[in-house]
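Residue 15 is where the sequence shown starts when you use this note's numbering, and the numbers rise one by one after that.
In this text, a Cβ means the ideal position worked out from N, Cα and C, and glycines have one as well.
Notes to accompany the following structure.
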Amino acid sequence: MVTSGERKVVIGGARQRTTLALLLLNPGRTVPVDTLVHEVWNGNPPATARTQIAIVIAALRKTFKAQGAADDTIVTTHPGYLLDAESHCIDSVEFTALVAQAETDVREQRLEDAAGRYRRALDLWRGPALAGVSGLLVEEEAGRLGEYRLNAYDDATAVQLALGRHYELLPELGGVVQENPLRERTRYHQMLAQYRAGRRAEAMESYREAREQFIEELGLEPGPDLQELHDLILRDDPSLTPADGPVSVAAEAAVPEVVVVPSELPPDVPGFTGRESELAALDALMIESGAALQTPTVGLITGVAGVGKSGLALRWAHRVADGFPDGRLFADLRGYDEQHEPASVADVLGRFLRSLGVPGQQIPEALEERIALYRSLLTERRALIVLDNVRTHAQVAPLLPGSGASCVVVTSRDQLEQLVTWPQEARVHLGVLPPGAAVELVAKIAGEERIAACADANRLVELCDRLPLALRIAAARLASKPHWTVRHLVTRLSDERRRLDELSQGDSRVRAGFELSYRYLSPHAARLYRRLGLADVPDFTSWVAAALLDVDVIDAELLLEDLVDTQFLEVVGVDATGRLRYRFQNLLRLYAGERARDEESDEAWREACRRVFRTALTIAREAHRRESGGEFSIVHSGTEPATIDTDLLEELLSDPLAWFEAERLCLVGMVEQAARMGMADLAWDLTGSASVLFETRSYVENWESCAEHALDAARAADDRLGQAVMLHHTGAAALMRQSMDEAKARSEEALELYGDLDERLGRALVLRNLAVVHRLQGDPDAAADRLRGALPIFREAGDLSSESSVLQNMAQLELDRGNYEASLGHARDAVRVAESMDPGASRSLAQCLYRLGSAQLLSGRAEEAEESYLRVEELSRAKADTHGLAHALYGLGQARVALGALESAETAYVQGRKVARELGSPVVEGSIRLKLGVLLRELGREEEARAELLGAKELFTRRGATHWQEEVARELSGSPDVSAEVPPAVAPEVGIGE
15 MVTSGERKVV IGGARQRTTL ALLLLNPGRT VPVDTLVHEV WNGNPPATAR
65 TQIAIVIAAL RKTFKAQGAA DDTIVTTHPG YLLDAESHCI DSVEFTALVA
115 QAETDVREQR LEDAAGRYRR ALDLWRGPAL AGVSGLLVEE EAGRLGEYRL
165 NAYDDATAVQ LALGRHYELL PELGGVVQEN PLRERTRYHQ MLAQYRAGRR
215 AEAMESYREA REQFIEELGL EPGPDLQELH DLILRDDPSL TPADGPVSVA
265 AEAAVPEVVV VPSELPPDVP GFTGRESELA ALDALMIESG AALQTPTVGL
315 ITGVAGVGKS GLALRWAHRV ADGFPDGRLF ADLRGYDEQH EPASVADVLG
365 RFLRSLGVPG QQIPEALEER IALYRSLLTE RRALIVLDNV RTHAQVAPLL
415 PGSGASCVVV TSRDQLEQLV TWPQEARVHL GVLPPGAAVE LVAKIAGEER
465 IAACADANRL VELCDRLPLA LRIAAARLAS KPHWTVRHLV TRLSDERRRL
515 DELSQGDSRV RAGFELSYRY LSPHAARLYR RLGLADVPDF TSWVAAALLD
565 VDVIDAELLL EDLVDTQFLE VVGVDATGRL RYRFQNLLRL YAGERARDEE
615 SDEAWREACR RVFRTALTIA REAHRRESGG EFSIVHSGTE PATIDTDLLE
665 ELLSDPLAWF EAERLCLVGM VEQAARMGMA DLAWDLTGSA SVLFETRSYV
715 ENWESCAEHA LDAARAADDR LGQAVMLHHT GAAALMRQSM DEAKARSEEA
765 LELYGDLDER LGRALVLRNL AVVHRLQGDP DAAADRLRGA LPIFREAGDL
815 SSESSVLQNM AQLELDRGNY EASLGHARDA VRVAESMDPG ASRSLAQCLY
865 RLGSAQLLSG RAEEAEESYL RVEELSRAKA DTHGLAHALY GLGQARVALG
915 ALESAETAYV QGRKVARELG SPVVEGSIRL KLGVLLRELG REEEARAELL
965 GAKELFTRRG ATHWQEEVAR ELSGSPDVSA EVPPAVAPEV GIGE
């Protein structure tokens, strides 16, 4: 209400009232036009808003001038308008001044003066502040003024009670309590006045009513002061009765001058476990903030939703709270809140300024002014500021101190690359808990004894990804259901279709956390995330992502990094090809799959998968070609290759085996997924292309698994060529693990199918494998027939690798027959063919050299044999070909025995034994141990020799190698030493090239 003398001045229109209210609330300070526009039109102004504000100001000036006011009552000052308060009386200003004077009177024990000033201040009120005026800022300030009025009333009441005027207070107190039933201080004064007025029963009833209202509306008991007063009244405590004369102000808690140090940290996280290294990294903030430089320190904690960022920040903040004597501020910026918009910087600054002691009416309206005041206050203070759930750098930048010894800790799901942490080690990326700490966290919540005695606890924490939020949910479910066993919960979580449901119950929901982060992904990043979730690979690199989206690899890398920055993916490391590899946490993979099933069509998903499989096949075909020295030893499907950038292909395949090794588990997953999806041609061709890795590095289980899945798919699709190729490969894998009957059956079935299809190269490849089977089963004539049938086909096809393989197998057959010179001829031919191939095909050369060394050794050319075996060793080590290396060391030991270099021979055998043991090849290991035992006996070390011979016997018995069992038995029985004779140079095992 505006008055002039005794007359009421009518202010016309809501816009004028709101504008005048904003000017009155800021007497002597400029109110920007933008603020007036925003408040008058509630943030949705018309294009002419600034003009209309000028019209409003002109109307107000005209109204005031008509009442005799000066022309400069409202002054135009950039960037807005200012109300000159010097010659006018503003009741809110007068009220504030009177209350401040009354507070001074109380501190100086002038209670009568204080009572008078409080009464004059309260008499200024004629109803609610700013009634009938709209606008967010106006309404907020009206609420603040109303609270200020009630505080002043309570302070005035305390003074009146100290003066012994309890009777006079009771009527008015009853009305105030009725209007403000949850205001404890007013209730306190009412009960005290009632008791002193001799109305003890009414005081007790007042407490009962208050308690009921508190419990019903707040779910809380009354505060400690009210409870203590209730207890004192029950006891008729003498301290409640005032002495004669005014009571000391201390007895009635007037308004002491207290500087409140803000301590806004939420409670510490119960059951907090682990994170010692992360806490130590944050401790660097204390070291730096305590330095003489007095520069604010800034720490950042990042991580996926539910990983415990807020918990870590609070644990550290509580641990170091005593190091910040000027306050601990906390704000949830709500960057990932599904219920609320992100907190505005202006609101957070306003709250922080109040916490730091700035009265509400002195807080600037302009954001820049709030920032400046905030930083000025912190310059001379040492405060801790925790900013939780920050989504963007723009949210946090205005809240960083400019100077001083304060410390800021920020938590975010994003990397906030623009935020510079100081010191650098205080940028903490939070991963999942280590297994031990994860089990410990579950035990703290579900019960130590219950978890300690349970073998399923480790499985439970892995199903929860060792993610703290998921662990707490799982543990809470166990704690709330004592009849559940850990195994029961493990069984429920093992179903991937239900796992997120199980971990998304109640207020703590894993899925909800993921949803909020997913909502802020760009459309392309979200699509990549979804599609990656349905790819059955343990990890992946950028070419997979590029194929899923059908985009360039560079664009795919940018999207992958977006997903890393937003914590949807994590970086595994750099693989052998120099590419970054990425992976999911399991729960995030499950959520990605859910989103894909909801948002992707089956057609789009199948097409994306086919692009990935075709890309993998194209790279694998080229890797096989380079590793084999040409398009050798393989039958392909009719699948067209994908288009791949030439530079990318060169980068990936600078070392073909290294690429195969880096992608091995991904290729296995792709083969199995392609087979499940009915893409048989891709599944079996990819298996065949990857066989060069499986064979070279002895990944027999992977080889068989891929071949069996692809074979099933080929049969389902009635793809007879695919069936023949995969039968050929299952036979080759069986041969590699010495399952001769199975190898023969599978190979003969493949041979028949190849014949029906008139696939000559395929037939020749199977004939070569069958020759090895026949030789190892003691039928050299059949083996020779098979090899003679295969050789001309390979020569006709120009398959140099297979040709050299057949020639070196012929050399081995002649060795078995004792035809050493004929063996040397075949072996030399094999080496000649292998040396004419691409240098990348060094494994074929190693196989041929091994056969040559065997022929040289048995024909009495030990020095030449040693040289050949040394070349095999060099080539095998370069290829990390453990199978070839074991054989090379086996042959090298024999050559050195023949040369009389027994110590060097022992070294070769010992190294070969270690390699064969790691390889998991019992017959190769047994053969080496047999030769080592014979050598040790010759050196006079009988006890060591017997240990090696017994070890060889056990290995041969396990494998059923009868010939070699008999050889060991002769050595153990003490038969005449035959080691001086040159022994056979190859074990009855699938060797390199077989």
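* Asked: Can you tell me whether R628 is buried or exposed, with buried defined as 16 or more other CB within 10 angstroms of its CB?
  -> As a first step, residue 628 is located in the sequence shown; it is residue number 614 there, counting from the start. It is buried - the Cβ of R628 has at least 16 other Cβ atoms within 10 Å.
* Does the pairing of the segment 471-488 with the segment 512-532 give three or more beta-carbon distances under 8 Å? -> yes
* To do: Determine the burial state of A264: buried for a count of at least 16 other Cβ atoms within 10 Å of its Cβ, exposed for fewer.
  => Position 250 of the sequence shown, counting from 1, holds the residue named residue 264. Any reading at A264 must be qualified, since the residue scores a pLDDT of 39, below 50, and its modelled position is unreliable; no value is offered.
* Asked: Which stretch, first to last residue, makes up the alpha helix (DSSP H) that contains T110?
  -> Here residue 110 refers to the residue found at position 96 when the sequence shown is read from its first residue. Unbroken alpha helix (DSSP H) run through T110: 105-121.
* Just the Cα atoms here: how many angstroms apart are I67 and P238? -> Counting from 1 along the sequence shown, the entry for residue 67 is found at position 53. Counting from 1 along the sequence shown, the entry for residue 238 is found at position 224. Those two C-alpha atoms are separated by around 51 Å.
* Residue from V318, G317, A335 whose Cα sits closest to the Cα of D297 -> Position 283 of the sequence shown, counting from 1, holds the residue named residue 297. Per the Cα distances, A335.
* Asked: Straight-line CA distance for P252 to R201?
  -> For the purposes of this step, residue 252 is taken as the residue at position 238 of the sequence shown. For the purposes of this step, residue 201 is taken as the residue at position 187 of the sequence shown. Cα to Cα, the separation comes out at about 20 Å.
* In DSSP terms, what F338 is bridged to -> Taking the sequence shown and counting its residues from 1, the one referred to as residue 338 is at position 324. Answer by DSSP bridge pairing: none, since F338 is not bridged.
* Buried or exposed by the 16-neighbour rule on C-beta atoms within 10 Å, applied to Y181 -> Counting from one through the sequence shown, the residue named residue 181 turns up at place 167. Per the 10 Å Cβ criterion, exposed.
* Start-end ranges of the alpha helix (DSSP H) lying completely within the segment 742-816, minimum 4 residues -> 754-771, 774-790, 794-811
* Nonlocal neighbours in the same chain, by C-beta distance under 6 Å from Q227, ignoring five residues either side -> Start at 1 with the first residue of the sequence shown, and residue 227 comes out as number 213. Taken in chain order, the residues that qualify are P195.
* Meets three-Cβ-pair contact criterion under 8 Å: the segment 359-374 and the segment 382-402 -> yes
* Could you tell me the distance, in whole angstroms, from the CA atom of D895 to the CA atom of F708? => By one-based count along the sequence shown, residue 895 stands at place 881. By one-based count along the sequence shown, residue 708 stands at place 694. Looking at the two C-alpha atoms, the distance is approximately 11 Å.
* **Inter-residue Cα distance where the pair is V992 and S941** => As a first step, residue 992 is located in the sequence shown; it is residue number 978 there, counting from the start. As a first step, residue 941 is located in the sequence shown; it is residue number 927 there, counting from the start. Annotation note: pLDDT 39 at V992 (below 50); position unreliable, coordinate value reported separately. For V992 and S941, the distance between alpha carbons rounds to 15 Å.
* To do: Specify, as a first and last residue, the run of the alpha helix (DSSP H) that C421 falls within.
  => Translated into positions along the sequence shown, residue 421 becomes position 407. Premise fails: C421 lies in the beta strand (DSSP E), 421-426, not in any alpha helix (DSSP H).
* Asked: With 16 other CB atoms within 10 Å as the buried threshold, where does S536 fall?
  -> On the sequence shown, position 522 is the one that residue 536 refers to. Exposed, by the Cβ-count rule.
* To do: Assign Q438 to buried or exposed, taking buried as 16 or more other Cβ atoms, counted over all protein chains shown, within 10 Å of its Cβ.
  => On the sequence shown, position 424 is the one that residue 438 refers to. The residue is exposed, with fewer than 16 neighbouring Cβ atoms inside 10 Å.
* **Close beta carbons around A306, own chain, < 7 Å, minus the five adjacent residues each side** => On the sequence shown, position 292 is the one that residue 306 refers to. With a pLDDT of only 45 at A306, under 50, the local geometry of the prediction cannot be trusted, and the value read off the model is given with reservation. The answer is none, since no qualifying residue turns up.
* Decide if N1011 is buried, meaning its Cβ has at least 16 other Cβ atoms within 10 Å, or exposed. => There is no way to answer for residue 1011, as the model of the chain reaches only from 15 to 1008.
* Nearest-angstrom beta carbon gap, Y834 and S873 [assumed within contact, 8 Å] -> Here the question's residue 873 lines up with position 859 in the sequence shown. Here the question's residue 834 lines up with position 820 in the sequence shown. 4 Å between Cβ atoms; contact.
* Which full runs of the alpha helix (DSSP H) of 4+ residues lie inside the segment 440-525, going along the chain? -> 449-460, 462-466, 471-477, 482-494, 500-508, 513-516
* **Beta-carbon gap between I247 and R197 smaller than 9 Å** => The residue given as residue 247 occupies position 233 in the sequence shown. The residue given as residue 197 occupies position 183 in the sequence shown. Not a contact, by the Cβ cut-off of 9 Å.
* Asked: Are the CB atoms of D886 and Y864 nearer to each other than 9 Å?
  -> As a working mapping, residue 886 is identified with position 872 in the sequence shown. As a working mapping, residue 864 is identified with position 850 in the sequence shown. The sequence as given places Val at residue 886; Asp does not occur at that position. The answer is yes: Cβ separation under 9 Å.
* **N-terminal and C-terminal residue of the beta strand (DSSP E) that I658 is part of** => Position 644 of the sequence shown, counted from the first residue, corresponds to residue 658. That residue, I658, is in no beta strand (DSSP E); it is neither H nor E in DSSP.
* Would you mind working out which of R960, A539, V565, I459 sits nearest L583, comparing C-alpha positions? => Stepping through the sequence shown from its first residue, residue 583 is reached at position 569. Closest option to L583, Cα to Cα, is A539.
* **Beta-carbon spacing of G587, E665 below 9 Å** => The count along the sequence shown starts at 1 and reaches residue 587 at position 573. The count along the sequence shown starts at 1 and reaches residue 665 at position 651. Cβ atoms of G587 and E665: not closer than 9 Å.
* To do: Below 6 Å CB to CB, which residues in the same chain sit around R441 once its five sequence neighbours on both sides are set aside?
  => If you number the sequence shown from 1, residue 441 lands on position 427. L314, T435, listed in sequence order.
* Asked: Where do the N-terminal and C-terminal ends of the alpha helix (DSSP H) with I648 fall, by residue?
  -> Start at 1 with the first residue of the sequence shown, and residue 648 comes out as number 634. Note, I648: premise wrong, no alpha helix (DSSP H); not H, not E.
* **Buried versus exposed call for P142 [16 or more other C-beta atoms within 10 Å across all chains shown]** => The sequence position of residue 142 within the sequence shown is 128, counting from 1. Exposed is the call here.
* Using three-state DSSP, classify D695 as helix, strand or coil. => Stepping through the sequence shown from its first residue, residue 695 is reached at position 681. D695: helix per DSSP, three-state reduction.
* Asked: R210 and T255: beta carbons closer than 9 Å?
  -> Along the sequence shown, read from residue 1 onward, the residue named residue 210 stands at position 196. Along the sequence shown, read from residue 1 onward, the residue named residue 255 stands at position 241. A contact, by the Cβ cut-off of 9 Å.
* Asked: In whole angstroms, what is the alpha-carbon distance linking E454 and A380?
  -> The residue given as residue 454 occupies position 440 in the sequence shown. The residue given as residue 380 occupies position 366 in the sequence shown. If you take the alpha carbons of E454 and A380, they lie about 50 Å apart.
* Between which two residues does the beta strand (DSSP E) containing G587 stretch? -> Numbered from 1 along the sequence shown, position 573 holds the residue referred to as residue 587. Start and end: 584-588.
* To do: Would you check whether the ligand ADP has a heavy atom nearer than 8 Å to the C-beta of Q376?
  => Ligands are entirely absent from the displayed structure, and the ligand ADP is therefore not among its contents.
* Asked: Taking buried to mean at least 16 other C-beta atoms within 10 Å of its own C-beta, is L39 buried or exposed?
  -> Position 25 of the sequence shown, counted from the start, is the residue given in the question as residue 39. That one is buried.
* **Cut-off 6 Å between Cβ atoms - residues of its own chain near G947, not counting five sequence neighbours on either side** => Your numbering for residue 947 matches position 933 in the sequence shown. A959, E962, L963.
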